[in-house]
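Read the structure below first, then the notes.
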Amino acid sequence: MSTHVPRRVALVTLGCSRNEVDSEELAGRLAAQGWELVADAADADAVLVNTCGFVDAAKKDSIDALLAADDLRAGDGEPAGAGPRAVVAVGCLAERYGNELAASLPEADAVLGFDAYPSIGEHLDAVLGGATVPAHTPRDRRTLLPITPVERGASANVAVHVPGHARGVAGGSAAGSPGRRRLTAGPVAALKISSGCDRRCAFCAIPSFRGSHVSRPADDVLAEAEWLAGEGARELVLVSENSTSYGKDLGDLRALEKLLPQLAAVPGIVRVRTVYLQPAELRPSLLEVLLTTPGLAPYLDLSFQHASPAVLRRMRRFGGSEHFLDLLDRGRGLLPGLGARSNVIVGFPGETEADVDILAEFLEAAELDAVGVFGYSDEEGTEAVSLPGKIAEEEIERRRVQITDLVEQLTATRAQERIGSRVQVLVEEITDGIAAGCAGHQQPDADGSCLVRLPGPAGAAAGPPAGGPSGTGQPGLPGQPGQPGVEVGDLIEARVVATEGVDLVAEFTAVLDRARPSAGRGEAAPSATGARATVLVGRPRADGT
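First residue of the sequence shown? That's 15 in my numbering, and the numbers climb one at a time after it.
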């Protein structure tokens with residue numbers, strides 16, 4: 015264990031929920047290696063920026079975060095505590111660009127790849143001690159594990175480090191901790207079930223720096239789910255690059271069908287949500303489990319990307335409007351009223367006006383609850399960079415605005431169709447008699463939210479919810495006679511009475527499952543995670559999938 019003092023570190027997280035899990039692994043490792051986590055980067059000795067390298071906007075946000083941390087740096091001769099003395103880049107941007115990033119951004123004292131995570135504390139100590147830490151040299155991580163999926167398990171975390179797959183880091187935050195330390199205290203927690211992707215979509219660079227698909231053993235996933243429940247999590251959001259591939263490297267193509275009911279049965283967990291589903295791999299048995307198992311969110315997160323078969327073939331993807339509408343129809347046959355979201359790309363090389371019309375017609379027929387819209391941009395190292403038929407940036411933006419305007423209308427109409435229905439809302443915040451959270455068909459931080467007017471004096475004084483709550487929330491609002499108060503973490507039922515865009519406005523009807531105190535629950539570790547932007551409907555998630 016390293017011994018440098020003072021040793022305070024702030025974590026800044028950008029990008030997707032997978033990156034949030036990786037930051038919590040880093041937090042667990044740093045705590046185990048004797049570091050104190052602080053919320054304010056100005057109070058830290060070292061600032062660790064977990065970057066995103068997905069698209070140009072995300073790269074810019076990451077670089078801006080590194081520059082902002084450098085602006086806080088203590089000046090020569092200033093005492094300890096006057097500001098950070100080291101700024102270190104980790105995450106996808108660092109993994110993808112490594113020494114190139116280090117050369118172009120001298121404000122970062124070190125640029126570290128994923129394989130540095132197990133010894134992250136020692137690397138920070140070295141930087142604070144004035145040592146020059148060699149910048150990460152990027153490699154195509156698809157080449158680092160066996161081609162055959164079933165041969166990868168023994169190599170993962172031995173030949174290479176797979177972030178978010180840590181097992182039992184010594185000295186973790188609590189007994190039974192998987193080596194992860196929660197950085198937020200909310201009732202929703204991401205749980206990584208696999209990493210990497212074996213698909214070769216023409217526009218996507220992610221597999222080159224996240225690597226081939228590697229599933230976590232089911233026992234590890236279940237143990238972490240139980241730990242998260244003990245830390246106060248009530249909803250688990252299962253994340254990966256491609257959740258439908260889970261288990262293919264474990265020798266069981268039905269592994270996810272078996273794992274999901276087990277996760278839903280974890281005491282304290284009231285909802286399990288699976289995201290990042292590939293339509294081409296969504297087999298009937300998995301669709302049935304997803305939509306008929308008690309405790310699983312009534313929700314499909316489907317990566318369509320387009321609806322024109324011609325465009326999809328150029329993207330090295332499968333399907334089209336007919337196939338996708340059939341998939342949605344089968345899902346709604348199993349569970350009427352389910353929520354469905356997707357992302358689409360416009361302006362891909364060779365896309366015609368007729369292709370855009372096909373996409374628009376599909377979106378009108380699909381009745382999706384949330385859609386993120388991307389304008390295509392070249393990503394170095396991808397096949398699409400060299401494709402003919404490139405479209406001018408101005409035209410790509412015109413098409414993006416056209417489809418964005420359409421989906422905003424369609425998703426608002428879809429929300430209005432839920433007026434009069436009853437929804438189950440996991441309470442994430444309470445302010446001035448209004449509970450805010452997500453219904454089963456809404457993915458947190460992606461698909462809008464539900465605002466519920468609570469009973470009792472506070473709820474009555476608030477009037478109809480409008481514009482959304484603000485502030486940090488307050489627990490324990492009084493209920494009506496005989497009705498218990500509502501707390502953050504409660505699962506409540508509410509009747510939808512109005513909408514604001516994709517957000518639902520509802521009136522409280524009942525508490526379905528109360529949050530229970532847990533002996534394992536404690537304060538979340540502080541984190542400077544404010545750099546992560548919330549992604550709203552009509553715009554892509556931070557990772558665009």
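From the three backbone atoms N, C-alpha and C, an ideal C-beta is built for every residue, glycine too.
- If you ignore the 5 residues before and after ARG330, its C-beta comes within less than 6 Å of the C-beta of ARG214, CYS215, ALA216, all in its own chain and listed in chain order.
- Judged by their CB atoms, TYR260 and ILE220 are not nearer to each other than the 8 Å cut-off.
- Inter-segment contact for the segment 299-309 and the segment 347-357 is present: three or more beta-carbon pairs are separated by less than 8 Å.
- Taking one beta carbon from each stretch, the segment 117-125 and the segment 64-83 have 3 or more pairs nearer than 8 Å; the two touch.
- The three-state secondary structure of VAL399, taken from DSSP, is helix.
- Between ARG268 and the set ALA96, THR146, ARG297, the nearest pair of CA atoms involves ARG297.
- In terms of CA proximity to GLY403, VAL325 leads the group ASN357, ARG412, HIS337, VAL325.
- The alpha-carbon of GLY515 is positioned some 12 Å away from that of GLU431.
- Look at the segment 77-159 and you find these whole runs of alpha helix (DSSP H), each 4 residues long or longer: 106-118, 134-142.
- CA-CA distance, GLY193 to ARG436, rounds to 39 Å.
- Collapsing the DSSP output to three states places THR425 in a helix.
- Listed in chain order, the alpha helix (DSSP H) runs fully inside the segment 200-253 are 220-224, 232-244, counting runs of at least 4 residues.
- The segment 434-449 makes no contact with the segment 386-399: fewer than 3 CB pairs, one atom from each, lie closer than 8 Å.
- The segment 352-361 and the segment 403-413 touch, with no fewer than 3 CB-CB distances between them shorter than 8 Å.
- DSSP places GLY345 in the helix class (H, G or I) of the three-state scheme.
- For LEU277, the enclosing alpha helix (DSSP H) starts and ends at 269-278.
- PHE318 is the residue among ILE405, PHE318, TRP49, VAL385 whose C-alpha sits nearest the C-alpha of ASP340.
- Beyond the five residues adjoining it in sequence on each side, ARG22 comes within less than 6 Å, by CB distance, of GLU50, VAL52, ALA58, ASP59 in the same chain, given in chain order.
- LEU277 sits away from VAL289, with the two beta carbons spaced by 8 Å or more.
- Here GLU295 has THR258, SER259 as same chain residues with Cβ atoms under 7 Å from its own Cβ, once five neighbours each way along the sequence are excluded.
- Annotation for ASP504: VAL441, VAL525, ARG528, ALA529 place their beta carbon closer than 6 Å to its own, counting only its chain and skipping 5 residues before and after.
- Here PHE338 carries a helix assignment [DSSP, helix/strand/coil].
- Residue environment analysis places ASP517 among the buried positions, since at least 16 neighbouring C-beta atoms fall within 10 angstroms of its C-beta.
- A residue is called buried when at least 16 other Cβ atoms come within 10 angstroms of its Cβ; ASP36 meets this threshold and is buried.
- Judged by DSSP in its simplified three-state form, ILE417 adopts helix.
- Relative to ARG248, the option among ASP446, ASN256, VAL202 whose CA is nearest is VAL202.
- In the structure shown, PHE376 adopts helical secondary structure according to DSSP, grouped into three states.
- Straight-line measurement puts the Cα of LEU310 at about 8 Å from the Cα of LEU274.
- Within a 10 Å sphere around the beta-carbon of VAL415 sit fewer than 16 other beta-carbons, which makes this residue exposed.
- Looking at the DSSP output, SER322 bridges to nothing.
- Residue pairing for ARG467: DSSP places it in a beta bridge opposite ILE448, GLU521.
- When secondary structure is reduced to three states using DSSP, ALA512 falls in the strand class.
- Contact between SER229 and LEU264 holds: CB atoms are separated by about 5 Å, below the 8 Å threshold.
- In the three-state scheme derived from DSSP, where H, G and I count as helix and E and B as strand, ILE410 is classed as helix.
- If one requires a minimum length of 3 residues, the beta strand (DSSP E) runs lying completely within the segment 284-316 are 285-288, 313-315, in chain order.
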